[in-house]
Amino acid sequence: MSFWRYLVDEKIAAPARQFSDDVVKPVADEIDHQDVYPVDLVEQTAKLGWNAMTLPTRYGGQGESMENALGVFEELGAGSASLGVSLITILQSSKIIELYGRDSLKERVLPRYAQGLRASYALTERGHGSDIRTLDTKARGNERDGWVLTGEKAFITSGSRAEFFVVLAETPVGVSTFAVDRDAPGVSTRQTREAQTFGLRNGPHVNLVLDDVEIPGDALIGVEGNGLRQALVTLSNSRTLAAGISLGIARAAFDDAFAYVRTRPAFDGNVIDFQGIQWYFAQAAAEIDAARLVTYQAARDLDSGGDYQRSSSAAKLLAAELATKVASMAVQVCGATGTQETSPFGRYFRDAKAYEVAGGSSEVLKNTIAKTLIKSVR
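If you read the sequence shown in this note's numbering, its first letter stands for residue 50, the second for the next number, and so on.
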């Protein structure tokens, strides 16, 4: 029995929960300790249709809603946040091409996702961080003759094993978005001293080096100069799924801690018999239930065209901070066991805390929410 009811069609979410329990959880600690990209798991999720589930069927996808995708990501996140992060970078890159790419680019690239394409989303640069209004990576050319990209993107998640990149670069018109294959001449990756993080470990982050990389004209995604707007829309999708993964972390920490205190002897009973411990879990359960409702509303807003910038930012803000809170509680109630390297609680806490920064920090999310509030009354 699970504490957590399905919030989407059970036929969609139940197989993901079973896969998470049977296949993902047994190797989650190994992925974390070794800091490796889970190639085998990503290949398996592709065969199950989850790497391309929101893509239209004409491209090999399942045409599923973001709400149903969230149901899958939450379950997989409960098994391993590292796997969840690997799938988010895949969805980010496919989503922006689906929304804005030319038909020729869609026909050439999107079917590869259903076949297991490993992809990454290259926004960040060392000198810019969350501020991507201007970039040092440059693109020159045009849609008729093709483009040439030069520069270096930094700290790219999933970049160590990515076969394909969506790259933000600046043209004379403004920030624009481009599709780049890993095997294109002039593309390389390198690791820096800052390659590894303490949480969300799915392989060392890499810098993506672009040395006069020639790409075809239709590799420009959408309208030249509209890259920032396209990125923000795409991030609303990935932030909602990141909230789902954070909720998965919170649920996993809750479940494992509850299982421990329920059978751990203490004085004349078990740890769970103390009211103070029960209140920890009651509060955490109520807050997880509430954050799940906010997050699924964000997914529905994405599907319906509602105020998804506000709701997706609120979902990730609440879910990421809650995951850290619940993971910390789990360590506390499990005592010495909670601090042991052989227990999963350290991984839960590190993954949860990392997600308060990755994919949109809490401070950036608060800024976004505030902007939507101000805009609504002007």
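Glycine included, C-beta positions come from ideal geometry on N, C-alpha and C. Computed from a prediction, not measured in an experiment: that's the story for all the values here.
Would residue i and residue j be called neighbours here (beta carbons separated by less than 9 angstroms)?
| i | j | result |
| --- | --- | --- |
| Thr-238 | Leu-217 | no |
| Ser-131 | Ile-205 | no |
| Ile-337 | Leu-296 | yes |
| Ile-298 | Arg-311 | no |
| Tyr-404 | Ala-306 | no |
| Arg-288 | Ser-361 | yes |
| Tyr-162 | Gly-120 | no |
| Ser-207 | Tyr-86 | yes |
| Leu-97 | Pro-64 | yes |
| Ala-228 | Gly-150 | yes |
| Glu-201 | Asp-230 | no |
| Glu-92 | Ile-294 | no |
| Val-343 | Ala-315 | no |
| Val-236 | Ala-168 | no |
| Ala-244 | His-254 | yes |
| Gly-223 | Leu-154 | no |
| Leu-148 | Thr-283 | yes |
| Arg-193 | Gly-266 | yes |
| Ser-69 | Leu-136 | no |
| Ala-348 | Ala-368 | no |
| Val-375 | Ala-401 | yes |
| Glu-370 | Ser-410 | no |
| Pro-234 | Val-262 | yes |
| Tyr-309 | Thr-373 | no |
What is the residue span of the beta strand (DSSP E) that residue i lies within?
| i | result |
| --- | --- |
| Ala-95 | No beta strand (DSSP E) contains Ala-95, which is instead part of the alpha helix (DSSP H) from 88-96. |
| Ser-225 | 223-230 |
| Thr-199 | 195-205 |
| Asn-191 | 187-191 |
| Tyr-170 | 168-171 |
Does at least one heavy atom of the ligand ATP sit under 8 angstroms from the Cβ of residue i?
| i | result |
| --- | --- |
| Ala-331 | For the structure depicted, the ligand ATP is absent and the ligand set is empty, with no information on it obtainable. |
Could you tell me which of the options sits nearest to residue i, measuring between CA atoms?
| i | options | result |
| --- | --- | --- |
| Gln-67 | Ala-127, Asp-78, Ser-114, Thr-421 | Ala-127 |
| Leu-259 | Tyr-397, Pro-314, Pro-253, Ala-203 | Ala-203 |
| Leu-249 | Asp-71, Asp-78, Asp-58, Gly-355 | Asp-78 |
| Thr-226 | Arg-189, Ala-211, Ile-418, Val-255 | Arg-189 |
| Pro-160 | Thr-386, Trp-53, Leu-140 | Leu-140 |
| Leu-439 | Val-262, Asn-117, Ser-142, Arg-300 | Outside the shown range of the chain, which is 50 to 427, sits residue 439, and nothing can be said about it. |
| Phe-52 | Ala-302, Thr-289, Asp-152, Val-134 | Ala-302 |
| Leu-198 | Ser-209, Val-382, Arg-210, Leu-184 | Leu-184 |
| Thr-173 | Arg-182, Arg-167, Leu-97, Val-88 | Arg-182 |
| Arg-300 | Arg-107, Thr-283, Gly-266, Tyr-397 | Tyr-397 |
| Gly-274 | Val-229, Gly-325, Thr-241, Thr-220 | Thr-220 |
| Ser-142 | Leu-166, Val-88, Ala-376 | Leu-166 |
| Val-73 | Ile-61, Thr-241, Thr-94, Asp-317 | Thr-94 |
| His-82 | Asn-100, Thr-391, Ser-153 | Thr-391 |
| Phe-247 | Leu-422, Met-102, Ile-418, Val-406 | Val-406 |
| Thr-241 | Gly-409, Asp-152, Arg-175 | Arg-175 |
| Arg-25 | Leu-351, Tyr-345, Pro-234 | The structure shown does not extend to residue 25, since the chain is modelled only from 50 through 427, so no value can be given for it. |
| Val-382 | Ser-410, Asn-319, Arg-210 | Asn-319 |
| Ser-377 | Ala-368, Met-102, Phe-394 | Phe-394 |
| Gly-112 | Leu-136, Lys-144, Leu-90 | Lys-144 |
| Gln-358 | Asp-71, Asn-251, Thr-417 | Thr-417 |
| Pro-196 | Ala-379, Gln-279, Ile-264 | One point to set straight first is that residue 196 is Trp, not Pro, in the sequence displayed. Comparing Cα-Cα distances from Trp-196 to each of Ala-379, Gln-279, Ile-264, the minimum goes to Ile-264. |
| Asp-89 | Asn-251, Ala-419, Asp-317 | Asn-251 |
| Ser-114 | Asp-84, Asp-58, Ala-368 | Asp-58 |
| Gly-384 | Arg-313, Asp-356, Lys-424, Ala-331 | Arg-313 |
| Thr-138 | Asn-100, Thr-106, Ser-129 | Asn-100 |
| Leu-329 | Gly-354, Leu-414, Ala-379 | The displayed chain sequence assigns Tyr, not Leu, to residue 329. The option with the nearest alpha carbon to Tyr-329 is Ala-379. |
| Arg-210 | Ile-326, Asp-84, Thr-106, Gln-327 | Asp-84 |
| Lys-424 | Asn-191, Asp-356, Asp-232 | Asp-356 |
Any idea which residues DSSP pairs residue i with across the strands?
| i | result |
| --- | --- |
| Ser-237 | Val-258 |
| Leu-217 | Thr-226 |
| Glu-263 | Val-197 |
| Leu-269 | Phe-227 |
Over what stretch of residues does the alpha helix (DSSP H) that includes residue i continue unbroken?
| i | result |
| --- | --- |
| Ala-299 | 276-312 |
| Arg-242 | It is not in any alpha helix (DSSP H) - Arg-242 carries neither H nor E in the DSSP assignment. |
| Asn-251 | Premise fails: Asn-251 is in no alpha helix (DSSP H) and is neither H nor E. |
| Val-121 | 115-128 |
| Arg-396 | 394-404 |
| Ser-425 | 411-425 |
| Tyr-162 | 160-163 |
| Ala-63 | 59-68 |
| Glu-79 | 74-83 |
Which residue spans inside the segment 308-390 form an unbroken alpha helix (DSSP H) run of at least 4?
324-353, 357-382, 385-388
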